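J.:
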Amino acid sequence: MSSKIDHNLFSAHGHALEREPCPKCGGEVSLKHGKHGPFLGCSHYPSCDYIKPLHSNDGHIVKELGVPCPDCGNELVLRQGRYGMFVGCSHYPECHHIESINQPEPEQQAKEQHACPECGKGHLVERKTRFGKTFYACDNYPKCKFAVNLPPVRGRCEECGFTLLVEKKLASGVKLQCASRKCQHTQSQ
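Just so we're aligned, residue 104 is where the sequence shown starts under my numbering, counting upward by one.
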């Protein structure tokens, strides 16, 4: 009776997990477990910092664009991130260059520009959350974090004098509301 077990798999020679030497120092490379998953690391750590990830970092790359990165010269790629699609350098994490692909469309640029009431330098632009909800935020982000959920309207609050109002749709009709979080005064058009 012949065995169904392949004894070559269990031989001491040619085993899949056979130790390999470290390319930096010649030490032994072994399997380690970190917070980002398993990796191969040198046994002479911390004097030798050689590591080799076991999973591919290309999991979120959607498309290679064939355009050089302005920071390092390597190729830019289209990636799927936590908050949607973006363009980033293919040599991340060595190069941190990223670009948003949510550029304003020509029809959106033709819309009335509202100056940011908080910093005065930026303008409010329409953006979308990762769930598709629309909000309006200062284009000077992250220096200015001003944002409103309702469409901005030019005007001045009658109560506090804040320089921006938002259009609020109520059952009784459209009302203008102060965009200041401290005031929130509602006035008619």
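From the three backbone atoms N, C-alpha and C, an ideal C-beta is built for every residue, glycine too. All values reported here derive from a predicted model rather than from experimental measurement.
Pick out whichever of 274, 126, 237, 239 has its Cα sitting closest to the Cα of residue 153.
T.: Here residue 153 refers to the residue found at position 50 of the sequence shown. Taking only the C-alpha atoms, the option nearest residue 153 is 126.
J.: Here's the rule I'm using: 16 or more other beta-carbon atoms within 10 Å means buried, otherwise exposed. How should residue 283 be labelled?
T.: Here residue 283 refers to the residue found at position 180 of the sequence shown. With 16 or more other Cβ atoms within 10 Å, it is buried.
J.: I need the straight-line Cα distance from residue 228 to residue 245, nearest angstrom please.
T.: As a first step, residue 228 must be located in the sequence shown, where it is residue number 125. As a first step, residue 245 must be located in the sequence shown, where it is residue number 142. Roughly 14 Å separates the two Cα atoms.
J.: Tell me whether the beta-carbon of residue 281 lies closer than 8 Å to the beta-carbon of residue 268.
T.: For this step, residue 281 is matched to residue 178 along the sequence shown. For this step, residue 268 is matched to residue 165 along the sequence shown. Closer than 8 Å, so yes.
J.: Measure the C-alpha to C-alpha separation of residue 132 and residue 151 and round it to an integer number of angstroms.
T.: In the sequence shown, residue 132 corresponds to position 29, counting from 1. In the sequence shown, residue 151 corresponds to position 48, counting from 1. Those two C-alpha atoms are separated by around 11 Å.
J.: Between the alpha carbons of residue 218 and residue 252, how many angstroms are there, rounded?
T.: As a first step, residue 218 is located in the sequence shown; it is residue number 115 there, counting from the start. As a first step, residue 252 is located in the sequence shown; it is residue number 149 there, counting from the start. Those two C-alpha atoms are separated by around 16 Å.
J.: Distance check for residue 222 and residue 291, CA to CA, integer angstroms please.
T.: Mapped onto the sequence shown, residue 291 falls at position 188. Mapped onto the sequence shown, residue 222 falls at position 119. Cα-Cα distance, rounded: 27 Å.
J.: Taking C-beta to C-beta, are residue 242 and residue 200 nearer than 8 Å?
T.: Mapped onto the sequence shown, residue 242 falls at position 139. Mapped onto the sequence shown, residue 200 falls at position 97. Going by C-beta atoms, residue 242 is not nearer than 8 Å to residue 200.
J.: Look up residue 142 in the DSSP assignment and give the residues it is bridged to.
T.: Position 39 of the sequence shown, counted from the start, is the residue given in the question as residue 142. Paired residue(s): 135, 156.
J.: Quick one: what's got a C-beta closer than 7 Å to residue 273's C-beta in the same chain, skipping five residues either side?
T.: Working through the sequence shown from its first residue, we reach residue 273 at position 170. For residue 273, where only same-chain residues beyond five positions count, there are no Cβ hits under 7 Å.
J.: Among 191, 168, 128, which has the Cα closest to the Cα of residue 149?
T.: Numbered from its first residue, the sequence shown carries residue 149 at position 46. Answer by Cα proximity: 128.
J.: Are the beta-carbon atoms belonging to residue 264 and residue 279 less than 8 Å from one another?
T.: Translated into positions along the sequence shown, residue 264 becomes position 161. Translated into positions along the sequence shown, residue 279 becomes position 176. In this structure, residue 279 does not lie closer than 8 Å to residue 264 by Cβ.
J.: Nearest to residue 270 by alpha carbon, out of 134, 124, 249, 238?
T.: On the sequence shown, residue 270 is found 167 positions in, with the first residue counted as 1. Checked all of 134, 124, 249, 238; the closest Cα to residue 270 is 238.
J.: On the CB-based measure, 16 or more other CB atoms within 10 Å of its CB, does residue 182 come out buried or exposed?
T.: Numbered from 1 along the sequence shown, position 79 holds the residue referred to as residue 182. By the neighbour-count rule (16 or more Cβ atoms within 10 Å), residue 182 is buried.
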